[in-house]
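Novice:
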Amino acid sequence: RGSLALRGVRKSYHGTEILRGIDLDVAPGEVVCLIGPSGGGKSTLLRCINQLESLDGGVVAVDGELVGYTAHAGHLTEASDRETSRVRRNLGMVFQQFNLFGHLTAVQNVATGPVKVLGRRKAEAERRARELLASVGLAEHAGKYPSQLSGGQQQRVAIARALAMEPAILLFDEPTSALDPELVGEVLAVMKSLAAGGTTMVVVTHEMGFAREVADTVVFMEGGVVVEQGPPAQLFGAP
Ligand code: ADP
Ligand code: ADP
């Protein structure tokens, strides 16, 4: 579980083509880092993958299932919202801004999705939330509110919250860009351990050290196209 395939993904804003036909394959357990200059369309691509943006062309498939469409008698028709959210549930997203609920504790932030969306019982969801918070090094902070946590701690809560939905694939949009430099390492360490644990990940990042060390594949995007892709040693040269 956890494969992703993009074919011919196109997106325009106000007549300007931001994504000009993106093909991308991510295998289960693979870590792909999307790099390239600002404005190249990386963030737009992530939002198209998880349907925060509609596509102007092309398709996205998760584990062979098209997101947003249903195949019927050889034709594609638009999927129902219910069907789209079922497939989209396989995609967890971590944003640059952590987007935590300020009025909820860390445990509540992590447990609320499973309770409201997956229909889990509150006690069970909170037990699982504590486990996930412990796994990102926040066991002692589970009862705190976001305002009582550092940026790095908040981003680790956001990662635990994404994991709580049991997604097949995690998408990260510049997860360390909003952090003070001394807090970047603790978030990258959590991401590195997820990668080692076999989580499929697509990571938009400017952290070239992370890309070189952790990515299976580095994809260089510029001007809405994939310019080059391959293993880190191929893109960056031998260390
Ligand atoms: P990157 O993540 O590589 O920096 P983005 O995907 O954020 O690139 O942006 C690519 C281009 O799309 C930029 O020129 C940006 O201004 C534009 N863009 C992104 N989102 C929107 C939007 N909602 N409306 C209009 N233009 C957008
Ligand atoms: P990032 O590259 O980190 O995504 P941006 O500043 O490009 O940050 O985008 C932040 C938000 O603003 C996004 O939701 C994006 O869709 C929107 N946005 C970016 N550029 C434009 C634009 N030219 N017109 C309208 N919305 C935009």
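If you count the sequence shown from 1, you need to add 127 to reach the numbering used here. Each residue gets a CB set at the ideal place from its N, CA and C atoms; glycine is no exception.
(1) Which residues count as close to ligand 1 when the rule is a CB under 5 angstroms from any of its heavy atoms, in chain order?
(2) Would VAL153 be called buried (16 or more neighbouring beta carbons within 10 Å of its own) or exposed?
(3) Considering Cα atoms alone, identify which of VAL159, LEU146, SER130 and ILE286 is closest to PRO358.
(4) Once the 5 residues before and after PRO155 are set aside, which same chain residues still bring their CB inside 7 angstroms of it?
(5) Tell me whether LYS271 sits in a helix, a strand or coil according to DSSP, three-state version.
(6) Would you say ALA291 and VAL352 are within 8 angstroms of each other, going by their C-beta atoms?
(7) So if DSSP puts THR204 in a beta bridge, which residue, or which two residues, is it bridged to?
(8) Is it the case that the Cβ atoms of ASP300 and VAL345 are separated by a distance below 8 angstroms?
(9) Which runs of the beta strand (DSSP E) at least 3 residues long sit entirely within the segment 153-183? Give them in chain order.
(10) Per DSSP, which residues does LEU297 bridge with? Please list them.
(11) May I ask you to verify whether the segment 178-196 touches the segment 128-148, counting CB pairs closer than 8 angstroms and requiring at least 3?
(12) Could you tell me the distance, in whole angstroms, from the CA atom of GLY219 to the CA atom of ARG288?
Specialist: So, from the data block:
(1) TYR140, ILE145, SER165, GLY166, GLY167, GLY168, LYS169, SER170 and THR171
(2) Numbered from its first residue, the sequence shown carries residue 153 at position 26. It counts as buried.
(3) The residue you call residue 358 lines up with position 231 of the sequence shown. With distances taken between Cα atoms, PRO358 lies closest to VAL159.
(4) In the sequence shown, counting from the first residue as 1, residue 155 sits at position 28. Closer than 7 angstroms at Cβ, skipping near neighbours: ARG128, GLY129, SER130 and THR327.
(5) Within the sequence shown, numbered from 1, the residue matching residue 271 stands at position 144. The answer is coil: DSSP assigns LYS271 none of H, G, I, E or B.
(6) To locate residue 291, count along the sequence shown from 1; it is residue 164. To locate residue 352, count along the sequence shown from 1; it is residue 225. Going by C-beta atoms, ALA291 is not nearer than 8 angstroms to VAL352.
(7) Numbered from 1 along the sequence shown, position 77 holds the residue referred to as residue 204. DSSP, once it has assigned bridges, lists THR197 as partnering THR204.
(8) In the sequence shown, counting from the first residue as 1, residue 300 sits at position 173. In the sequence shown, counting from the first residue as 1, residue 345 sits at position 218. Not in contact: ASP300 and VAL345 (Cβ atoms no closer than 8 angstroms).
(9) 158-162
(10) Position 170 of the sequence shown, counting from 1, holds the residue named residue 297. Looking at the DSSP assignment, LEU297 forms a beta bridge with GLY219 and MET328.
(11) yes
(12) Residue 219 sits at position 92 when you count from the first residue of the sequence shown. Residue 288 sits at position 161 when you count from the first residue of the sequence shown. Between GLY219 and ARG288, the C-alpha separation is close to 9 angstroms.
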